[in-house]
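Following my numbering, the numbering of the sequence shown begins with 50 at its first residue and continues without gaps.
In what follows, a structure is listed as structure tokens, so that the remarks can point back to it.
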Amino acid sequence: MKQEIDPKETNRAQAFEFWMKSPMPMLTFVKTFNVTRLYRKSRRGELKFNMLLCWCIGKAASKVSEFYLIPEKDKLFKYDRLAVNVIVDNAEGGVSNCDIPYDDDLEKFASDYNRLTHESAVSCVQIADEEAAVIGTSSVVGTELDCVVNQYCGIFNNPFLAWGKYKRHCFKVTLAISFQFHHTQMDGGHAAQFLECLQQTMNEL
């Protein structure tokens with residue numbers, strides 16, 4: 050559920066005053082992750098690497114309350130659940146945006162991921178979850194990337210993660226992930242907490 054809230058009644062009151070009118074309120078952090086467990090799990094079964102990573106992102110974000118707050122125009126909205134957006138190659142040769150509701154149950158999330166991305170790819174229709182705080186993602190697997198900085202247009206203030214092709218080493222697999230967020234939504238400490246939690250979630254998968 051989406052609900053407008055008074056920023057003054059939240060711990061983001063000062064940040065709202067500082068950053069909502071800033072012309073460039075987005076911050077980007079880049080961290081290299083050990084994704085060996087995700088890689089091995091995807092190789093052993095029918096679970097896609099990208100799906101596993103998206104689930105880990107949702108799992109880590111669900112433990113940071115700031116992810117449930119999204120600034121929009123001059124307002125602040127609170128949500129009671131999360132969704133992870135993926136960009137899908139569609140049947141017309143373009144791309145479609147597809148929101149996958151986050152669920153703690155990996156099997157449920159995987160089922161929704163496969164069903165919704167297939168539907169979006171075939172129909173070429175955008176699938177949006179308006180009642181969830183959406184975390185944007187973009188996977189550019191055609192090449193290895195050290196960093197991705199998303200455009201800032203002032204329309205979409207949702208947090209956004211992007212990555213390229215993972216790198217295989219002798220005994221591990223690594224992946225550099227860029228994390229962009231609106232400073233009204235969270236501070237650097239919250240972002241660091243999320244990134245640390247994301248690595249821990251991958252380790253425990």
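Idealized CB from N, CA, C, for every residue including glycine.
Can you name the start and end residues of the beta strand (DSSP E) that residue i belongs to?
{"i": "Met100", "result": "Not the beta strand (DSSP E): Met100 falls in the alpha helix (DSSP H), residues Phe98 to Ala110."}
{"i": "Met75", "result": "Met75 to Asn83"}
{"i": "Phe65", "result": "From DSSP, Phe65 is part of no beta strand (DSSP E) but of the alpha helix (DSSP H) over Ala62 to Trp68."}
{"i": "Pro72", "result": "That residue, Pro72, is in no beta strand (DSSP E); it is neither H nor E in DSSP."}
{"i": "Glu53", "result": "Lys51 to Ile54"}
{"i": "Tyr117", "result": "First-last for Tyr117: undefined, no H or E at that position."}
Compute the distance between the beta-carbons of residue i and residue j, then report whether it is under 8 angstroms.
{"i": "Ser227", "j": "Cys246", "result": "no"}
{"i": "Leu125", "j": "Ile54", "result": "yes"}
{"i": "Pro150", "j": "Arg130", "result": "yes"}
{"i": "Thr233", "j": "Arg93", "result": "no"}
{"i": "Leu87", "j": "Leu102", "result": "yes"}
{"i": "Tyr201", "j": "Met73", "result": "yes"}
{"i": "Ala170", "j": "Ser188", "result": "no"}
{"i": "Cys147", "j": "Thr250", "result": "no"}
{"i": "Thr186", "j": "Val133", "result": "yes"}
So which of the options has the shortest CA-CA distance to residue i?
{"i": "Thr81", "options": "Lys221, Glu53, Val144 and Glu180", "result": "Lys221"}
{"i": "Val84", "options": "Met100, Lys70 and Pro74", "result": "Met100"}
{"i": "Glu58", "options": "Trp212, Thr192, Lys127 and Val189", "result": "Lys127"}
{"i": "Val279", "options": "Met75, Phe98, Glu53 and Pro74", "result": "Coverage of the chain is limited to positions 50 through 254, which leaves residue 279 absent and any answer about it impossible."}
{"i": "Ala225", "options": "Leu194, Cys105 and Met73", "result": "Leu194"}
{"i": "Phe65", "options": "Ala140, Ala181, Phe158 and Glu115", "result": "Glu115"}
{"i": "Pro120", "options": "Ile204, Arg89 and Ala159", "result": "Ile204"}
{"i": "Gln23", "options": "Phe243, Gly213, Ala211 and Glu179", "result": "Missing from the structure shown is residue 23; the chain here goes from 50 to 254 and no further."}
What residue range is occupied by the uninterrupted alpha helix (DSSP H) comprising residue i?
{"i": "Ala181", "result": "Ala181 -> no alpha helix (DSSP H), and no H or E assigned at all."}
{"i": "Val171", "result": "Leu155 to Ser172"}
{"i": "Ala240", "result": "Gly237 to Glu253"}
Strictly by DSSP, which residues pair up with residue i?
{"i": "Ile204", "result": "Paired residue(s): none; Ile204 is not in a bridge."}
{"i": "Cys147", "result": "Val135 and Ile176"}
{"i": "Gln229", "result": "Thr77 and Phe209"}
{"i": "Tyr215", "result": "Answer is none; Tyr215 lacks a bridge partner."}
{"i": "Leu224", "result": "Phe82"}
{"i": "Leu125", "result": "Ile54 and Pro120"}
{"i": "Ser188", "result": "Trp212"}
In or out: residue i buried (at least 16 other Cβ within 10 Å) or exposed?
{"i": "Cys219", "result": "exposed"}
{"i": "Thr166", "result": "buried"}
{"i": "Val137", "result": "buried"}
{"i": "Val135", "result": "buried"}
{"i": "Val198", "result": "exposed"}
{"i": "Phe67", "result": "exposed"}
{"i": "Asp154", "result": "exposed"}
{"i": "Asp123", "result": "exposed"}
{"i": "Lys157", "result": "exposed"}
{"i": "Gln63", "result": "exposed"}
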